[in-house]
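Undergrad:
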Amino acid sequence: MSGSIPLVSVLLPTFNSARYLTEAVNSILHQTFSDLELIILDGGSSDGTIEIAQILVKFDKRIRVEIFPSMRPAARSDQVLPTLRSKYVAVQHSDDISYAHRIARQVQAFADDPSLGVCSSIYRSFWHDRTRAPIHSGEWVHAKPERHEEIKANLLFWWVMHCPTLMFDREKAADAGLRFTNEFRFGDDYWQTVLNINKLKFYNVQEELSAYRLHFEGDGAQNKLALHEEERKLKQHILGYFGFEYTPRELEIHVACKIFPDDIVGAESKEDFRELFAWLEKLRAQNMDIRAFDTAIFNSLLDTIKKRVTLIKRKKLLWKPFVD
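Reminder that position 156 of the sequence shown reads as 190 in this note's numbering, one-by-one numbering, no gaps.
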């Protein structure tokens, strides 16, 4: 390490994460970039997670464990952030895998652009259905818009940063008031990006840097009604934040676009498609007046969505439209 203060602090929230914790921790400890510390933030696990974490501490002094009983992951991160002195802060999920070059590549991105505030990356996701068997099946590589203005325009529709590979400049984020805690249970990172998109410069490394484990029994899968209600509230907040006007029906059309660009647009009937196209054109016209987004980038995004929808309508599009 460079002295007593590492260049990077990695935050790893856990709660009953015993099954995957060692794999997630090792993916950080075995990084090609070693000037880091790993802070395990546990929410009061009862499945052996804490005991595993404490054993891992004995093998690598870069690890420390903080326990916050009954506290949500976002709140735990907010508690520890003021105590950090590292230049950069990264996020690691307790059941995901960071590739060995992840931290090095992101640190290089900050070195290449000193004005950068936050970055994430392309990633790979895979299903793991624990209710059937301990097997992995199905893999998808998720592309992300690269530059700040592209990310900003996409935020009106989708969450296009990747939380498990987030890294940010600690001082820049503190000056901007970046926090993890807010009113959203599932979309807090999405909303925080919206709130900070005009305060910090965002970027997505155009390399696959992590593998993201999907679970049928995860929060989103087990709380579909709550997730839908939050999507609606989140989209409503975002439209208002950027200054767009809408009718109740237009809000429902916008919510049907989901919050991830890999999701198929929620249009089925001819009338649905007509309404969606009309809404996209209304957004285009409004943006010409309010200039919420770069005009050329936003218009290109709307045209891309319309092309995707047309292909969906013709039943010529598979599930992964943005996959390289």
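Glycine is no exception: its CB is placed at the ideal position from the N, C-alpha and C atoms.
Quick caveat: nothing in here was measured; it's all calculated off a predicted structure.
Who are the Cβ neighbours of S159 in its own chain at under 6 Å, not counting the five residues just before and after it?
TA: Residue 159 sits at position 125 when you count from the first residue of the sequence shown. The residues are W174, Y246, L248.
Undergrad: Could you check what DSSP says for L314 in three-state terms: helix, strand or coil?
TA: Taking the first residue of the sequence shown as 1, we reach residue 314 at position 280. Of the three classes helix, strand and coil, the one that applies to L314 here is helix, per DSSP.
Undergrad: Excluding the 5 residues preceding and the 5 following S360 in the sequence, name in chain order all residues of the same chain whose CB lies nearer than 6 Å to its CB.
TA: What the structure shows of the chain is the stretch from 35 to 358, and residue 360 is not part of that stretch, so it cannot be assessed.
Undergrad: Decide if S111 is buried, meaning its Cβ has at least 16 other Cβ atoms within 10 Å, or exposed.
TA: Looking up residue 111 in the sequence shown gives position 77. By the neighbour-count rule (16 or more Cβ atoms within 10 Å), S111 is buried.
Undergrad: Grab me the residues of K269's own chain with a C-beta within less than 6 Å of its C-beta, minus the 5 sequence neighbours each way, in chain order.
TA: In the sequence shown, counting from the first residue as 1, residue 269 sits at position 235. Contacts found: H288, V289.
Undergrad: Relative to the C-alpha of P107, which candidate in K233, R325, T215, F236 has its C-alpha closest?
TA: In the sequence shown, residue 107 corresponds to position 73, counting from 1. Closest by alpha carbon: T215.
Undergrad: Do V59 and Y122 come within 8 Å of each other at the CB atom, strictly closer than that value?
TA: For the purposes of this step, residue 122 is identified with residue 88 of the sequence shown, where counting begins at 1. For the purposes of this step, residue 59 is identified with residue 25 of the sequence shown, where counting begins at 1. Contact: no.
Undergrad: Taking the alpha helix (DSSP H) that S111 belongs to, which residues open and close that run?
TA: As a position in the sequence shown, residue 111 is number 77, starting the count at 1. For S111, the enclosing alpha helix (DSSP H) has its first and last residue at 107-114.
Undergrad: Taking only three categories from DSSP, how would you classify T281?
TA: Working through the sequence shown from its first residue, we reach residue 281 at position 247. Coil.
Undergrad: Is it true that the stretch 184-191 meets the stretch 92-109, where meeting means three or more beta-carbon pairs spaced less than 8 Å apart?
TA: no
Undergrad: Starting from Q240 and walking both ways along the beta strand (DSSP E), at which residues does that stretch end?
TA: Position 206 of the sequence shown, counted from the start, is the residue given in the question as residue 240. Under the DSSP assignment, Q240 falls in the beta strand (DSSP E) whose first and last residues are 236-248.
Undergrad: Nearest-angstrom Cα distance between F193 and S132?
TA: Start at 1 with the first residue of the sequence shown, and residue 193 comes out as number 159. Start at 1 with the first residue of the sequence shown, and residue 132 comes out as number 98. Before going on, a small fix: residue 193 reads as Trp here, not Phe. Distance between the alpha carbons of W193 and S132 is about 20 Å.
Undergrad: Any chance you could list the beta strand (DSSP E) runs of at least 3 consecutive residues sitting entirely within the stretch 115-203, in chain order?
TA: With a minimum length of 3 residues, the continuous beta strand (DSSP E) runs that stay inside the stretch 115-203 are 122-125, 152-161, 171-176, 201-203.
Undergrad: Comparing alpha-carbon positions, which option in A52, D323, D203, V125 lies nearest T83?
TA: In the sequence shown, residue 83 corresponds to position 49, counting from 1. Selected option, being the one with the closest Cα: A52.
Undergrad: Have a look at Y54 and Q65 and give me their C-alpha separation to the nearest angstrom.
TA: By one-based count along the sequence shown, residue 54 stands at place 20. By one-based count along the sequence shown, residue 65 stands at place 31. Distance between the alpha carbons of Y54 and Q65 is about 18 Å.
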